[in-house]
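**Q** Okay, here's the structure, questions in a sec.
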């Protein structure tokens with residue numbers, strides 16, 4: 002099958018570069034470490050590394066469109082306007098930088114969670130669902146929204162920052178400056194914080210005995226204990242699942258979606274969180290009896306979702 | 002100028018029916034009381050009243066498209082699936098009912114706040130803003146969302162129920178069953194509740210002295226006192242404005258809008274609430290320095306917004 006497009010996903014630690022065919026299968030791939038070098042102009046070191054990787058996969062052939070997924074708020078013109086997890090890329094004009102490296106090639110840049118949403122819509126867990134939300138659970142929460150079968154990008158390209166929806170204004174401080182953002186409760190950081198709070202409050206005695214210091218308990222410890230059936234750890238997971246459901250109910254009220262696809266790095270915890278969120282969601286959705294059930298499902302694509310989605314996006318735009 | 006379309010807005014107390022020309026001017030109008038009669042099939046009495054009003058304005062001429070705005074969750078097929086403020090219309094197939102009255106005429110049905118959003122986008126305060134949110138402040142909060150210049154309707158047609166976004170899960174109970182929905186804080190009901198709480202807590206001594214009973218203080222009393230410059234009443238308005246800004250910041254994070262149009266019945270309070278919300282919004286928006294300022298403006302259309310927007314919607318679809 003002929004190659005369709007190339008896709009690039011720039012993460013905080015690595016850069017994934019691949020080529021997909023028309024069915025979405027990965028036909029070639031390579032990987033680089035993300036350089037964290039402050040350059041003038043910003044993003045130049047990252048663009049050079051991407052360019053090397055593309056040379057490896059494509060040679061001089063500039064006929065395929067290339068999609069780039071980037072970790073932050075991307076403008077419609079391909080500028081990374083705000084990137085708390087890639088400070089060296091803040092303000093980088095990735096479309097311009099890549100064109101300088103490979104004149105004649107077409108580049109399309111977008112937010113990485115938006116790319117993941119495109120992958121799931123075209124060939125993954127959201128096929129046939131024109132109104133859905135992609136939720137990427139990692140340290141924080143990223144999002145990609147589809148409405149009427151179209152990616153919602155917004156005025157500046159910044160739509161889908163769902164992790165910064167405030168769900169408890171008296172809640173814990175978020176690096177964004179607000180209090181009680183959704184990602185303080187329903188992400189990896191949320192699991193870790195709620196686990197620590199439970200440990201300090203004496204609600205995880207067996208885990209504290211095992212680890213020694215309630216302050217040292219991490220999200221992974223709770224997830225592992227919950228998987229082994231610990232009732233006290235399962236109670237923490239249930240609480241995180243409740244917060245996950247709350248944000249999904251909000252997104253349903255606003256966008257009227259019928260499916261939520263959960264992806265991102267928190268895969269292990271997600272297998273426990275998804276059933277917990279399902280248990281709480283139905284009672285939270287306004288007019289639930291008038292709607293189809295809101296399905297919460299796992300992402301089809303794993304860590305290549307961003308790069309595959311970027312390639313689809315480039316092929317479709 | 003030739004007539005463009007007819008529009009109907011069904012409210013809890015009255016039904017507004019009008020004809021607009023191509024510039025959006027109202028060329029004819031009439032009004033009826035909303036019948037609250039439970040019928041089989043549901044909505045039959047309301048449809049009869051609308052039909053009489055259309056006969057008055059259009060006679061037998063079925064050439065103009067007719068838009069209907071209805072107070073509740075409307076399916077894409079024109080069924081009022083959930084209508085807490087028009088119980089007699091719950092489950093009514095308004096498209097079907099109207100077609101039976103006026104065969105050959107084209108009917109388009111939508112949620113009333115969605116219709117108001119269309120009116121503001123086509124000819125009001127949101128012209129040229131392809132990504133904006135219409136917020137209708139009344140007893141509750143209604144909403145209409147535009148993304149990429151298109152009305153967001155969602156899977157079932159129910160998008161825009163922004164008043165039921167939960168912003169404080171330990172907050173006051175909402176009739177929808179959840180706690181701390183946005184409309185518990187930033188609507189007419191919110192002003193009334195926060196005013197009563199402030200009065201009972203002794204923070205509105207002058208108003209309590211005037212009215213006699215802290216439990217009897219209504220939202221309008223606070224609004225009036227705030228307009229007269231009462232510092233204690235202004236503090237309540239400021240708090241409501243803070244909540245209004247919080248929900249707008251959430252919608253900005255999710256949808257990346259650049260304009261919010263405030264309409265609905267709470268016009269007098271809105272003239273105080275809008276400046277208060279503006280004061281709080283900027284500090285709440287993630288990545289504010291990377292975006293254009295989010296403008297909060299008053300609706301151009303007043304109480305005819307729903308009917309005018311319904312007419313535009315019918316003409317455009």
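Residue numbers (my numbering), protein chains in the order written: chain A, 2 to 318; chain B, 2 to 318. The C-beta atom is built at its ideal place from N, Cα and C for all residues, glycine as well.
Between residue 251(B) and chain A, is any beta-carbon pair separated by less than 7 Å?
**A** Contact of residue 251(B) with chain A is assigned, a C-beta pair being separated by under 7 Å.
**Q** Pull up the distance between the alpha-carbon of residue 162(B) and that of residue 90(B), whole angstroms please.
**A** 18 Å
**Q** With a threshold of 7 Å between beta carbons, is residue 186(B) in contact with chain A?
**A** no
**Q** Taking all protein chains shown into account, decide if residue 38(B) is buried (16 or more other Cβ within 10 angstroms of its Cβ) or exposed.
**A** exposed
**Q** Can you check which of these residues, 19(B), 167(B), 6(B) and 130(B), is closest to residue 245(A) by C-alpha distance?
**A** 167(B)
**Q** What does a CB cutoff of less than 6 Å around residue 265(A) pick up in its chain, not counting 5 residues either side in sequence?
**A** 137, 138 and 139
**Q** Quick check: what's the CA-CA separation for residue 21(B) versus residue 94(B)?
**A** 25 Å
**Q** If we ignore side chains and look at the alpha-carbon of each, how far apart do residue 151(B) and residue 205(A) end up?
**A** 50 Å
**Q** Kindly indicate which residue of 132(B), 71(B) and 173(B) has the alpha-carbon position closest to the one of residue 85(B).
**A** 71(B)
**Q** Which first and last residues belong to the beta strand (DSSP E) in which residue 116(A) is found?
**A** Bounds of any beta strand (DSSP E) do not take in residue 116(A); it lies within the alpha helix (DSSP H) bounded by 113 to 124.
**Q** Between the alpha carbons of residue 173(A) and residue 180(A), how many angstroms are there, rounded?
**A** 5 Å
**Q** Quick one: does residue 110(B) have its CB under 7 Å from some CB of chain A?
**A** no
**Q** Give the residues of chain A in contact with residue 122(B), contact being defined as C-beta atoms less than 7 Å apart.
**A** Per Cβ cutoff of 7 Å: no residues; residue 122(B) is ~14 Å from chain A at best.
**Q** Just how far apart, CA to CA, sit residue 187(B) and residue 135(B)?
**A** 14 Å
**Q** Residue 170(B) touches chain A at which residues, Cβ-Cβ below 8 Å?
**A** 168, 169 and 247
**Q** List, from N- to C-terminal side, the alpha helix (DSSP H) runs of 4 residues or more that fit wholly inside the stretch 112 to 194 of chain B.
**A** Every alpha helix (DSSP H) of 4 residues or more that sits fully in the stretch 112 to 194 of chain B is shown, in chain order, as 113 to 124 and 184 to 187.
**Q** Short of 6 Å in beta carbon distance, which residues of its chain neighbour residue 215(A), apart from the five on each side in sequence? Order them along the chain.
**A** 200, 201 and 209
**Q** How far does the beta strand (DSSP E) with residue 296(B) in it reach, from first residue to last?
**A** 296 to 299
**Q** At the 7 Å Cβ level, is residue 30(A) part of the contact set with chain B, yes or no?
**A** no
**Q** So, using beta-carbon positions, are residue 270(A) and residue 224(A) closer together than 7 Å?
**A** yes
**Q** So the alpha helix (DSSP H) residue 50(B) belongs to, where does it begin and stop?
**A** 45 to 59
**Q** Between residue 116(B) and chain A, is the shortest Cβ-Cβ distance under 7 Å, so that the two count as touching?
**A** False, the Cβ-Cβ gap to chain A never drops below 7 Å.
**Q** What does residue 2(A) touch in chain B if you count any residue whose Cβ is under 9 Å from its own?
**A** What residue 2(A) touches in chain B: nothing, since even the nearest Cβ is about 32 Å away.
**Q** Buried or exposed: where does residue 43(A) fall if 16 or more other Cβ atoms within 10 Å of its Cβ makes it buried?
**A** buried
**Q** Please list the partners that residue 20(A) has in chain B, where partner means a Cβ-to-Cβ separation under 9 Å.
**A** Correct list: empty, because the minimum Cβ distance to chain B is about 30 Å.
**Q** Excluding the 5 residues preceding and the 5 following residue 254(A) in the sequence, name in chain order all residues of the same chain whose CB lies nearer than 8 Å to its CB.
**A** 286 and 287
**Q** Indicate whether at least one CB of chain B lies closer than 7 Å to the CB of residue 77(A).
**A** For residue 77(A), the nearest beta carbon of chain B is not closer than 7 Å to its own beta carbon.
**Q** With three or more beta-carbon pairs closer than 8 Å as the criterion, would you say the stretch 306 to 314 of chain A touches the stretch 6 to 15 of chain A?
**A** yes
**Q** Say whether chain A places a C-beta atom closer than 7 Å to the C-beta of residue 24(B).
**A** no
**Q** In angstroms, rounded to a whole number, what distance separates the CA positions of residue 195(B) and residue 182(B)?
**A** 14 Å
**Q** Confirm, please, whether the CB-CB distance from residue 145(B) to residue 117(B) is below 7 Å.
**A** Contact flag set, yes.
**Q** Kindly confirm or deny that the stretch 107 to 114 of chain A and the stretch 69 to 83 of chain A touch, where touching means at least three C-beta pairs closer than 8 Å.
**A** yes
**Q** Using a Cβ-Cβ cutoff of 9 Å, what residues of the stretch 144 to 161 of chain B are near chain A? List them in chain order.
**A** 144, 146, 148, 149, 151, 153, 154, 155, 156, 157, 158, 159, 160 and 161
**Q** Please report how far the alpha carbon of residue 66(B) lies from the alpha carbon of residue 104(A), in whole angstroms.
**A** 51 Å
**Q** Quick one: Cα of residue 283(B) to Cα of residue 121(B), how far?
**A** 23 Å
**Q** Considering Cα atoms alone, identify which of 126(B), 156(B) and 143(B) is closest to residue 299(B).
**A** 126(B)
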